[in-house]
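A.B. asks:
2 protein chains.
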Amino acid sequence: MHFSVLIFASVATMTAFALDNGLMRTPPMGWLAWERFRCDIDCTNDPKNCISENLFIDMADRLYEDGWKELGYVYVNIDDCWSSMDRDKDGRLQADPKRFPGGINKLARYLHDRGLKLGIYGDMGTHTCGGYPGTTVDKIEIDAQTFADWEVDMFKFDGCYSNAVEQELGYPLMSKALNATGRPIGYSCSWPAYQGGLPPKVNYTQLGQICNLWRNYGDIQDSWSSVLSIADWFFENQDVLAPAAGPGRWNDPDMLVIGDFGLSMDQSRSQMALWAIMAAPLFMSNDLRTISSGARSILQNKMIISINQDPLGIQGRRILKEKSGIEVFWRPLSNNASALVFFSRRTDMPYRYETSLSKLNYTTGSYKIDVLKDSTEFVVSVNPTGVVMWYVSAPGKLQYHPFIRGDKLRRHKYDAKQNNFF
Amino acid sequence: MHFSVLIFASVATMTAFALDNGLMRTPPMGWLAWERFRCDIDCTNDPKNCISENLFIDMADRLYEDGWKELGYVYVNIDDCWSSMDRDKDGRLQADPKRFPGGINKLARYLHDRGLKLGIYGDMGTHTCGGYPGTTVDKIEIDAQTFADWEVDMFKFDGCYSNAVEQELGYPLMSKALNATGRPIGYSCSWPAYQGGLPPKVNYTQLGQICNLWRNYGDIQDSWSSVLSIADWFFENQDVLAPAAGPGRWNDPDMLVIGDFGLSMDQSRSQMALWAIMAAPLFMSNDLRTISSGARSILQNKMIISINQDPLGIQGRRILKEKSGIEVFWRPLSNNASALVFFSRRTDMPYRYETSLSKLNYTTGSYKIDVLKDSTEFVVSVNPTGVVMWYVSAPGKLQYHPFIRGDKLRRHKYDAKQNNFF
Numbered sequence: 001m002h003f004s005v006l007i008f009a010s011v012a013t014m015t016a017f018a019l020d021n022g023l024m025r026t027p028p029m030g031w032l033a034w035e036r037f038r039c040d041i042d043c044t045n046d047p048k049n050c051i052s053e054n055l056f057i058d059m060a061d062r063l064y065e066d067g068w069k070e071l072g073y074v075y076v077n078i079d080d081c082w083s084s085m086d087r088d089k090d091g092r093l094q095a096d097p098k099r100f101p102g103g104i105n106k107l108a109r110y111l112h113d114r115g116l117k118l119g120i121y122g123d124m125g126t127h128t129c130g131g132y133p134g135t136t137v138d139k140i141e142i143d144a145q146t147f148a149d150w151e152v153d154m155f156k157f158d159g160c161y162s163n164a165v166e167q168e169l170g171y172p173l174m175s176k177a178l179n180a181t182g183r184p185i186g187y188s189c190s191w192p193a194y195q196g197g198l199p200p201k202v203n204y205t206q207l208g209q210i211c212n213l214w215r216n217y218g219d220i221q222d223s224w225s226s227v228l229s230i231a232d233w234f235f236e237n238q239d240v241l242a243p244a245a246g247p248g249r250w251n252d253p254d255m256l257v258i259g260d261f262g263l264s265m266d267q268s269r270s271q272m273a274l275w276a277i278m279a280a281p282l283f284m285s286n287d288l289r290t291i292s293s294g295a296r297s298i299l300q301n302k303m304i305i306s307i308n309q310d311p312l313g314i315q316g317r318r319i320l321k322e323k324s325g326i327e328v329f330w331r332p333l334s335n336n337a338s339a340l341v342f343f344s345r346r347t348d349m350p351y352r353y354e355t356s357l358s359k360l361n362y363t364t365g366s367y368k369i370d371v372l373k374d375s376t377e378f379v380v381s382v383n384p385t386g387v388v389m390w391y392v393s394a395p396g397k398l399q400y401h402p403f404i405r406g407d408k409l410r411r412h413k414y415d416a417k418q419n420n421f422f
Numbered sequence: 001m002h003f004s005v006l007i008f009a010s011v012a013t014m015t016a017f018a019l020d021n022g023l024m025r026t027p028p029m030g031w032l033a034w035e036r037f038r039c040d041i042d043c044t045n046d047p048k049n050c051i052s053e054n055l056f057i058d059m060a061d062r063l064y065e066d067g068w069k070e071l072g073y074v075y076v077n078i079d080d081c082w083s084s085m086d087r088d089k090d091g092r093l094q095a096d097p098k099r100f101p102g103g104i105n106k107l108a109r110y111l112h113d114r115g116l117k118l119g120i121y122g123d124m125g126t127h128t129c130g131g132y133p134g135t136t137v138d139k140i141e142i143d144a145q146t147f148a149d150w151e152v153d154m155f156k157f158d159g160c161y162s163n164a165v166e167q168e169l170g171y172p173l174m175s176k177a178l179n180a181t182g183r184p185i186g187y188s189c190s191w192p193a194y195q196g197g198l199p200p201k202v203n204y205t206q207l208g209q210i211c212n213l214w215r216n217y218g219d220i221q222d223s224w225s226s227v228l229s230i231a232d233w234f235f236e237n238q239d240v241l242a243p244a245a246g247p248g249r250w251n252d253p254d255m256l257v258i259g260d261f262g263l264s265m266d267q268s269r270s271q272m273a274l275w276a277i278m279a280a281p282l283f284m285s286n287d288l289r290t291i292s293s294g295a296r297s298i299l300q301n302k303m304i305i306s307i308n309q310d311p312l313g314i315q316g317r318r319i320l321k322e323k324s325g326i327e328v329f330w331r332p333l334s335n336n337a338s339a340l341v342f343f344s345r346r347t348d349m350p351y352r353y354e355t356s357l358s359k360l361n362y363t364t365g366s367y368k369i370d371v372l373k374d375s376t377e378f379v380v381s382v383n384p385t386g387v388v389m390w391y392v393s394a395p396g397k398l399q400y401h402p403f404i405r406g407d408k409l410r411r412h413k414y415d416a417k418q419n420n421f422f
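Protein chains in written order, with full-length UniProt numbering: chain A, 1 to 422; chain B, 1 to 422.
1) Sorted by chain position, which residues of the same chain lie with C-beta nearer than 8 Å to V76(B)'s C-beta, five sequence neighbours on each side aside?
2) Within 10 angstroms of the Cβ of D158(A), are there 16 or more other Cβ atoms? Answer buried if so, exposed if not.
3) Mind checking R289(B): buried by the 16 CB within 10 Å criterion, or exposed?
4) Does DSSP put G197(A) in a helix, a strand or coil?
5) Is it buried or exposed for R92(A), if we count other Cβ within 10 angstroms and need 16 for buried?
6) Could you tell me the boundaries of the beta strand (DSSP E) in which R62(A) lies?
7) Would you kindly work out how many angstroms separate the C-alpha atoms of T385(B) and V328(B), rounded to a whole number?
8) Applying a beta-carbon distance threshold of less than 8 Å, which residues of chain B neighbour S226(A)?
9) Spatial neighbours of P332(A) within its chain, please: C-beta separation below 6 Å, excluding the five flanking residues on both sides.
10) Quick check: the Cα distance between P199(A) and P350(B), rounded to an integer number of angstroms?
11) Along chain A, which residues have their Cβ under 8 Å away from the Cβ of residue 425(B)?
12) Can you check which of these residues, F378(B), P133(B), P184(B), Y161(B), is closest to N212(B) by C-alpha distance?
13) Just to confirm before moving on: does the CB-CB distance between T181(B) and Q145(B) stay below 8 Å?
14) Near K156(B), what residues of its chain come up, given a Cβ to Cβ distance below 6 Å and the 5 sequence neighbours on each side ignored?
15) Let me see if you follow: with CB-CB separation under 8 Å, is F37(A) close to chain C or not?
16) Curious, which full-length alpha helix (DSSP H) runs of at least 4 residues does the stretch 142 to 183 of chain A contain?
17) Please say whether N301(B) and A280(B) have beta carbons closer to each other than 8 Å?
18) Using 8 Å for Cβ pairs, my map puts F342(B) next to V387(B). What's the rounded Cβ distance?
19) In the structure shown, what three-state DSSP assignment does I298(A) receive?
20) Is there a C-beta anywhere in chain A that falls below 8 Å from the one on R25(B)?
21) Quick check: the Cα distance between R99(A) and F37(A), rounded to an integer number of angstroms?
22) May I ask you to report which of helix, strand or coil DSSP gives residue 423(A)?
23) Is DSSP giving G208(A) helix, strand or coil here?
24) Cβ of P253(A) within 8 Å of Cβ of Y217(A)?
25) When you compare the CB of N45(A) with every CB in chain B, is at least one pair closer than 8 Å?
26) Could you pull out every residue in the same chain whose Cβ sits closer than 6 Å to the Cβ of P192(A), ignoring the five residues on either side in sequence?
27) Check each residue of the stretch 252 to 273 of chain A: if its Cβ is closer than 7 Å to any Cβ of chain B, include it; give the result in chain order.
28) Quick one: list the residues of chain B neighbouring N383(A), beta-carbon separation under 8 Å, in chain order.
29) At 4 residues or longer, what runs of the alpha helix (DSSP H) sit wholly inside the stretch 287 to 350 of chain B?
30) For the beta strand (DSSP E) containing K117(A), name the first residue and the last one.
31) Take F147(A) and list the residues in its own chain whose beta-carbon comes closer than 7 Å to its own, dropping the five residues that flank it on each side.
32) On the DSSP bridge list, what partners appear for A95(A)?
33) Just to make sure I have the definition right: I need the residues of chain B whose C-beta is within less than 7 Å of the C-beta of G386(A). Which are they?
34) Along chain A, which residues have their Cβ under 9 Å away from the Cβ of D158(B)?
35) Would T26(B) be called buried (16 or more neighbouring beta carbons within 10 Å of its own) or exposed?
Set out below in structure tokens:
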């Protein structure tokens with residue numbers, strides 16, 4: 001019942017190609033266990049960090065109590081290694097009884113009581129990547145029904161231990177099976193990542209019809225080189241990828257590793273800014289119990305989140321690559337506004353980038369900018385591996401984002417106000 | 001006069017191969033402009049960051065007022081781009097008159113008045129790397145005398161725009177010329193870095209006789225990959241490099257980039273720990289006016305500094321590379337103590353490394369350890385790209401360093417005390 005109402009309500013606004021479950025009209029936000037906690041099942045020696053109901057309850061408590069939920073971070077997502085090694089006597093998946101003694105349904109209710117949502121993980125294939133029971137084609141219906149019975153809100157379908165033919169069959173079948181349960185379940189497909197992420201092997205029109213989000217590329221690791229290689233791949237292939245995205249259907253460059261061990265503060269700002277430009281799902285994979293205040297401010301920045309969550313859902317693009325190592329990104333937003341990101345690939349010192357809107361080929365067009373004229377030369381100082389981010393609102397107010405660094409465009413007497421969004 | 005007294009005083013303790021200026025019996029510490037401020041000479045648009053006397057005065061004030069000097073950070077070192085494009089009418093180098101209106105000697109006195117020392121930069125060749133006047137063989141004596149006249153305390157001799165034959169001649173000649181001035185001037189030679197850093201092209205016995213420190217390898221950049229590639233090169237070649245180091249003669253893996261833009265906190269701890277193990281000169285290249293408290297605590301950690309400055313001056317080594325990505329480093333210290341570093345190359349999550357001293361081939365030998373027996377199994381939890389560092393004092397007390405992370409060796413009931421050195 002609830003499901004059919006949702007479908008009805010969303011019909012008016014969804015595009016012809018969006019999955020018809022009415023979910024995730026803006027990129028989903030939340031927390032996902034994998035990058036930070038992997039397949040740690042050693043609850044004897046590592047009780048605080050092992051994959052167990054306690055870990056997800058801890059993270060739910062933090063999302064609920066530390067201001068994350070109000071900002072939109074509502075999903076608490078289990079990844080691999082949650083299940084028992086055997087299905088139950090009726091052929092259903094079951095949670096590891098020692099690590100999830102309360103079971104998944106109880107965990108889901110704990111989250112729902114707090115206004116949060118639960119995501120779970122399965123694998124289209126004989127085994128999950130971690131060697132747990134997979135979901136072969138004959139198990140798709142029963143697994144979808146099991147997740148619905150448990151009141152799960154999102155499902156990530158990985159693709160280890162299956163071939164292209166099986167995936168071609170299984171991913172659409174799972175979409176139908178989830179819909180058939182009557183429960184709204186956001187559907188994340190790893191399918192394209194297993195097929196190289198590009199046409200003709202990957203059909204993005206079809207993906208938009210069956211999945212709410214999909215992983216196009218390899219897993220993120222806790223390192224700047226990993227973040228950079230992912231961002232590079234997505235922007236190099238933006239002509240293929242950007243049109244595939246929209247309300248209810250998102251490219252997923254993988255988790256945010258902000259708050260972990262491998263990124264500097266500038267690199268953390270860059271991941272956040274580039275993921276916002278990409279209209280990417282924002283799944284943090286970090287330890288919310290011990291996160292630093294610096295990382296928290298980046299992840300909780302309201303302006304960046306509002307850019308990421310813009311209702312138009314248009315995926316932004318790289319519009320310029322300078323020889324100096326400066327790159328410029330642009331995303332059109334609702335109300336004729338847009339977001340600009342200046343990013344530096346340099347590894348020496350802050351770079352004073354002199355440009356103008358007309359040099360960026362960022363013509364006013366429908367974006368009327370009274371304060372900053374097309375031809376006005378301005379300077380942004382961009383830190384190594386860092387960003388400067390601008391929110392440009394129409395019809396004429398240039399607003400600075402707090403990620404802006406450096407001078408206040410002194411040289412050209414451009415006197416735009418600096419608005420602090422923190 | 002002062003110089004000959006110093007020579008006399010140092011004769012008793014120096015080895016047969018040390019440069020006979022009696023300086024730098026422990027690795028020099030201080031601040032060096034290059035990595036952070038490069039060749040920024042745009043004082044019109046970037047007055048706070050351009051290479052000028054103001055920048056060095058600012059850094060001197062910070063070293064003097066913010067607790068750095070007392071910890072040993074006493075050198076304030078100018079790098080490239082300080083000079084005028086022309087020598088003066090007498091053929092002497094001269095500082096750029098606009099950027100150093102007071103001249104180098106006045107700057108030296110400003111530092112000396114505060115118990116600090118001044119370093120300057122030149123290049124064995126026709127031009128410096130940045131295109132400023134170089135020091136060809138015929139100019140060596142006059143330049144050495146100019147630096148002495150300016151009361152300079154250290155000299156870095158770069159090697160752009162010269163060939164191997166000229167370098168073979170010039171580097172020893174400069175050593176003699178500096179000594180001949182009668183002023184104690186620490187001598188940093190970039191020579192080996194221009195000759196691949198390894199025998200037979202590089203003669204480390206000779207280097208120890210003519211230079212106080214030498215750059216063996218390429219320039220550091222503000223990135224973890226750069227720090228890692230440098231550390232890798234030094235430890236891969238440790239059998240050649242470690243014997244070359246000792247009081248008065250140091251391998252120099254280049255500046256500390258802690259406090260800049262490219263390293264995470266864990267990576268910053270790793271650079272500090274590995275540089276301490278290597279008995280490396282500790283020249284920070286960062287902005288001491290705006291450095292974060294996190295970076296400052298790492299750079300001001302007294303225990304790490306005391307390990308780096310151990311009077312024996314023995315360069316440590318990598319003693320183990322595990323398939324798991326854990327590496328173990330060891331440096332023997334005075335008083336039969338030693339330093340151990342556990343480092344993780346992983347990019348996933350903290351790794352629980354189980355080992356024992358005997359597994360490390362770290363036999364007690366002269367290091368008697370009562371508390372922790374050779375065979376005692378212990379666990380250290382090492383963060384991705386991070387370190388755990390131990391100071392092991394003899395005859396029998398294992399002291400934890402604050403860089404230690406993770407559990408307290410619970411599993412094996414090993415009850416070593418945790419001493420907080422902050």
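Glycine included, every Cβ here is placed at the ideal spot set by N, Cα and C.
C.D. replies: In short:
1) G30, W31, F56, M59, A60, L63, L111, L116, K117, L118, G119
2) buried
3) exposed
4) coil
5) exposed
6) That residue, R62(A), is in no beta strand (DSSP E); its alpha helix (DSSP H) goes 53 to 65.
7) 13 Å
8) T347
9) I314, S338
10) 38 Å
11) What is shown of chain B runs 1 to 422, which leaves residue 425(B) out entirely.
12) P184(B)
13) yes
14) Y121, S188
15) Note that chain C does not occur in the displayed structure, where the protein chains are A and B.
16) 164 to 180
17) no
18) 6 Å
19) helix
20) no
21) 14 Å
22) The displayed coordinates of chain A run from 1 to 422. Any statement about residue 423(A) would go beyond what the structure contains.
23) helix
24) yes
25) yes
26) V202, W214, N216
27) F261, G262, L263, S264, D266
28) F261
29) 293 to 299, 302 to 308
30) 117 to 123
31) I120, F155, I185
32) S83(A)
33) F261
34) Those within 9 Å of D158(B) in chain A number zero; the least Cβ separation is about 17 Å.
35) buried
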